[in-house]
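*Asks:* Structure in structure tokens, see below.
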Amino acid sequence: MSTKLPTLNKRLPIEFPHVDQVGTPLATFENIQSVIDAYRITIARPLLNADDFTPFFGVRYVACAENQRDCHRTQLLAICERNELHVKLEQVERYVQLRGLEVEDQERREANAQRLARGMAL
Numbered sequence: 022m023s024t025k026l027p028t029l030n031k032r033l034p035i036e037f038p039h040v041d042q043v044g045t046p047l048a049t050f051e052n053i054q055s056v057i058d059a060y061r062i063t064i065a066r067p068l069l070n071a072d073d074f075t076p077f078f079g080v081r082y083v084a085c086a087e088n089q090r091d092c093h094r095t096q097l098l099a100i101c102e103r104n105e106l107h108v109k110l111e112q113v114e115r116y117v118q119l120r121g122l123e124v125e126d127q128e129r130r131e132a133n134a135q136r137l138a139r140g141m142a143l
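Using the numbering used here, the first residue of the sequence shown is number 22, and each one after it goes up by one.
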């Protein structure tokens, strides 16, 4: 059963954890994560690029050239702007890298725990 992804060109009602006195979202990693969660964006390594992470909008494993990766990151920046989260491209790029490493580490730990539970070596 497939769940419909949010339309990327529409603003969504997002509860940002960090806002200023008038309710404008602040440029924090947690607020970028709120956008990623609201739009159900996946952060992963493209199949053909083992060095970098990229945001994917609905499809995780896509062969991706460097210019496509940059386009995906720019799309994430545009989604942030659409939702009044004013961040710089460098912040989006850094967050995508950090979040990707975090997700990958979590997946690795879970796989190791499963192997240990089955009595297998790491």
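Ideal Cβ positions, reconstructed from N, Cα and C, are used throughout, including at glycine.
1) For the beta strand (DSSP E) that residue 77 lies in, which residues bound it at each end?
2) With a threshold of 8 Å, are at least 3 pairs of Cβ atoms found where one atom belongs to the stretch 87-94 and the other to the stretch 132-143?
3) May I ask you to report which of helix, strand or coil DSSP gives residue 48?
4) Whole angstroms are fine: how far does the CA of residue 41 sit from the CA of residue 65?
5) Which residues in the same chain as residue 23 place their Cβ atom closer than 8 Å to its Cβ, once the five residues preceding and following it in sequence are excluded?
6) Kindly identify the DSSP beta-bridge partner or partners of residue 59.
7) Inspect the beta-carbon positions of residue 108 and residue 53 and report whether they are closer than 8 Å.
*Replies:* On the basis of the data shown:
1) 75-77
2) no
3) coil
4) 31 Å
5) Legend: pLDDT at residue 23 = 48, less than 50; position of this residue unreliable, no value from coordinates given.
6) According to DSSP, which records beta bridges pairwise, residue 59 is partnered with nothing at all.
7) yes
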